[in-house]
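One structure below.
Chains as they are written, first to last, in UniProt numbering: chain R, 1 to 247; chain S, 1 to 298.
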């Protein structure tokens, strides 16, 4: 369903006339099937968030392509309603001028659906992410981290997308809330039959929710592995990563 | 509507808003409000003190000072407002395009701004007035030409900051177009910055127009303008200092009203500050109530 083939990306260093550039992604190819949960694991600076931005079509790859059901993700009509995202920083992921209701409605409004239908939809969505309808009129600064992240999830699933990119979606939450959100994500995935692309540095969380993992290092795919075979990783780097968690 | 209600809660802002509303209506309907013709010379009443017929007295040609003040609102406030709106709109448009689209567009626009900003504002205005001739419209044109780059710079910085935020990234990911993002996300969050920058330079523009008229480069002789009135009063500064009071105080009051209003506008626009100010207000009122009680006991 979502395929990336030979994606390269580099950023220009220095000023206007500088020719120097830093390669961030090198020949990245992978595929994420319908309903699959694909984890992308890597250290900070390994280029995994850049990959997330490319998948969401916010930036374009230098070469190679990312296609969603055969069509390029750079075209926003392709993304509308079928691709969505949850980001790390819950403090800035909802516009401070929007109420919870407006924030959740935003992607729906982009699809230009019936207003009447939307009004009760917000209640349903809030209920699904475990918040009660009284949150509708609240502003983001009145929410706690877990609540804000739940609102972000409600916003992401509002159009019933086929695929959600979760870029460090639970990393800035504290332990018990992380677990609750992970459970929530698991439940929602069963309800909506969505694919997740779960970008994180937390291999435990990834192992909990994902079907398969991509281990990412210095802009390249080090290894792809099914979660059941996680202990049989081949590459030295992946072994080291696992070792660090076990000990 | 909620914004208006919020402003209304803040006493200082309410007063400033009322003052500005009165000044603007008085300026627009000047012939209705002014008790006399502002240019009517009456040599018998030279330097007359205030009377029931001439509330603020008469100037060196016996003209009614109150009427001149009211007619002076037009060039001093209304036209400055128009010039400000022009330059803010130009600057905002450039700032939004540069800050939102980045890259080459940004680099090109900002170099143009740098060139504009490298001339000192006053010198540029003087040069334009020197080329195009003396007159209010030329000064206003010069203001638009010199100020927009400054607005563009400030607004670009503010846009840059918000264009990177995650709600904008989400909107992009969800397939929103640039126009939608600018209208729904960037404009509301940068509005307070724009308001503060615009209002602070509104004050300085009023003072500059008055300054240029004072130098004799702006509004020409019989037309009433606040800076001109100050200039006329200057000649008798030591014998009749009270003549400076009326235009001087009006300028001070209007400029401060604008500054106060912009301050609380920022608070009224921002949902975060909205709640905290109301809480702070409750606290202070609680404190003052306690103090009052204490005094009664004492």
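We put the beta carbon where it would ideally sit given N, CA and C, even for glycine.
- Kindly indicate if chain S contains any beta-carbon less than 8 Å away from that of residue 83/R. yes
- Item | residue 58/S - DSSP class collapsed to helix/strand/coil | strand
- Message: What residue range does the beta strand (DSSP E) around residue 41/S cover?
- Response: Looking at the DSSP string, residue 41/S is not in any beta strand (DSSP E), and its letter there is neither H nor E.
- Message: Using beta carbons (cut-off 8 Å, strictly below), is residue 304/S in contact with chain R?
- Response: Examination of residue 304/S is not possible in this model, given that chain S is present from 1 through 298 alone.
- Query: What is the DSSP secondary structure of residue 121/R, counted as helix, strand or coil?
  - Reply: helix
- Task: Please classify residue 27/R: does DSSP put it in a helix, a strand, or coil?
- Result: strand
- Query: From residue 9/R to residue 161/S, what distance separates their C-alpha atoms?
  - Reply: 24 Å
- If you draw a straight line from the C-alpha of residue 233/R to the C-alpha of residue 241/R, how long is it? 10 Å
- Query: Going by other Cβ atoms of all chains shown within 10 Å of its Cβ, with 16 needed for buried, is residue 109/S buried or exposed?
  - Reply: buried
- Task: Could you have a look at residue 168/R and say whether DSSP puts it in helix, strand or coil?
- Result: coil
- Taking the alpha carbon of residue 185/R as the point to measure from, which residue in 201/R, 122/R, 146/R has its own alpha carbon closest? 146/R
- Task: Give a yes or no on contact between the stretch 217 to 229 of chain R and the stretch 236 to 245 of chain S, applying the rule of three or more CB pairs nearer than 8 Å.
- Result: no
- Going by beta carbon distance, what residues of the same chain come within less than 7 Å of residue 207/R, once the five residues before and after it are set aside? 227, 230
- Output yes if chain R places a C-beta closer than 8 Å to the C-beta of residue 189/S; else output no. yes
- Message: Any beta carbon from chain R within less than 8 Å of residue 177/S's own beta carbon?
- Response: yes
- Task: Excluding the 5 residues preceding and the 5 following residue 12/S in the sequence, name in chain order all residues of the same chain whose CB lies nearer than 8 Å to its CB.
- Result: 260, 264
- Message: Give me, in chain order, the residues of the same chain whose beta-carbon lies closer than 6 Å to that of residue 10/S; leave out the 5 immediate sequence neighbours on both sides.
- Response: 264
- Where residue 147/S sits in the DSSP three-state scheme: helix
- Item | Status (buried if at least 16 other CB within 10 Å, exposed otherwise) for residue 196/R | buried
- Task: Look at the Cβ atom of residue 3/R, then the Cβ atom of residue 36/R, and state whether they are nearer than 8 Å.
- Result: no
- Item | C-beta contact flag for residue 100/S and residue 159/S at 8 Å | yes
- In three-state DSSP terms, what is residue 37/R? strand
- Item | Beta-carbon separation (whole angstroms), residue 226/S vs residue 253/S, contact threshold 8 Å | That pair is no contact at about 11 Å.
- Message: Closest to residue 33/R by C-alpha separation, out of 53/R, 51/R, 67/R, would be which residue?
- Response: 67/R
- Task: Report yes if the C-beta distance between residue 199/R and residue 52/R is below 8 Å; otherwise report no.
- Result: yes
- Task: Could you tell me which chain R residues have their CB closer than 8 Å to the CB of residue 272/S, listed as they occur along the chain?
- Result: 96, 139, 141
- Task: Just the C-alpha distance for residue 168/S and residue 40/R, rounded to the nearest angstrom, thanks.
- Result: 23 Å
- Report the neighbours of residue 87/R on chain S: residues whose CB is nearer than 8 Å to its CB, in chain order. 166, 169, 170
- Query: Going by the beta-carbon positions, is the gap between residue 148/R and residue 104/R smaller than 8 Å?
  - Reply: no
- Excluding the five sequence neighbours on either side, which residues of its own chain have a C-beta within less than 8 Å of the C-beta of residue 195/S, listed in chain order? 262, 265, 266, 269
- Length of the line joining the Cα atoms of residue 209/R and residue 224/R: 16 Å
- Query: Below 8 Å between beta carbons: does that hold for residue 260/R and residue 150/R?
  - Reply: In this structure chain R extends from 1 to 247, so residue 260/R is not present and cannot be described.
- Item | Residues from the stretch 56 to 69 of chain R in contact with chain S, defined by Cβ distance under 9 Å | 56, 57, 58
- Indicate whether the contact test is met: 3 or more Cβ pairs, each with one atom in the stretch 119 to 129 of chain S and one in the stretch 178 to 196 of chain S, closer than 8 Å. no
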